[in-house]
Structure formats: structure tokens, C-alpha cells
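Residue numbers (this note's numbering): 359 to 509. Beneath this line is the structure, given in C-alpha cells, with notes to follow.
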């Protein structure tokens, strides 16, 4: 199925820039995620932290900040909130007592999983517009372009 938009995308002189195509979708996705996050009392950055810590070994605040593309001082408030709610632990680094190691707790993993499942159910609003083969290709290519979610 080909339409005028497909033709414009194929012709790079008429194709919108990537940011022009992705920004409206990203705004809609964020707007759809905000009520899910609020229902679980987690901020967007808090969720990003939980996702980054899940499945990883303990890491320092500096390493976490680098992994998620945030300034290490920027995430302090989010780390405080997550710790206050028992979603992460901060323990002194045995090699450097000035450094804190971060780890997700079982409660944090449960919240992260619940939020992620709800968000992914909501994403069906957009993904359902794609055929199964298009969906697989879209998700595979998006994962590759975004670094596979590993930052």
C-alpha cells in the first residue's frame, strides 16, 4: 500500500526531517505515559532510572547519569524520591565511601514492570496501525537507532 506520504519519504528532498517526524509522536507518547506514571507515583525521570537499573549490577550515580544522559546532580531529587518509596537502594561503595552505589529493589522492579506493561498496552494505539511485519521492522530499526535501549 503506497500513498503520497510514502512517496515523499522515499524522495529525501521531500521527506520531513527525522525530528519533524518523531517529535509529534514523542509528544503524544509522553502525554500518554504521564497518567500511567502518576498512577504509580513515579516521575518520568524516576521511571528512566528504574529501567536503567533493572537488569544491571549496582552502579554509581555518575555512571547512571551517563547511561541515561542526565547530569548527575539533576537526578538527585528523583533518586531521593525513589529511595524514600523503597524502589531503589543507595549503599556506600566499599572502595570509596564518598560514592553511593545504586540498585533497584524488588518493589522498584515490580513498579517498573507494572508501569512498563501499562505503557506498552497504551502504545498499541500507534502500533496497531502497522502490519505485523511493519511492527517488527519498526521496533527493530528504532531499537538500533536508539542504541538498543542501552545507554
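Note that CB positions come from ideal geometry on N, CA and C, so glycine has one too.
Identify whether residue 359 lies in helix, strand or coil by the three-state DSSP scheme. Confidence at residue 359 is low in this model, with a pLDDT of 49, below 50, so its placement is unreliable and no value can be given for it.
Between 406, 400, 444, 457, which has its C-alpha nearest residue 419's C-alpha? 457
Does the separation of the CB atoms of residue 410 and residue 426 fall below 8 Å? yes
Using three-state DSSP, classify residue 375 as helix, strand or coil. coil
In the DSSP assignment, find the alpha helix (DSSP H) that holds residue 461 and state where it starts and stops. Taken as a continuous stretch (DSSP letters only), residue 461 belongs to no alpha helix (DSSP H), being part of the beta strand (DSSP E) at 454 to 462.
With a 10 Å radius around its C-beta and 16 neighbouring C-beta atoms as the bar for buried, classify residue 442 as buried or exposed. exposed
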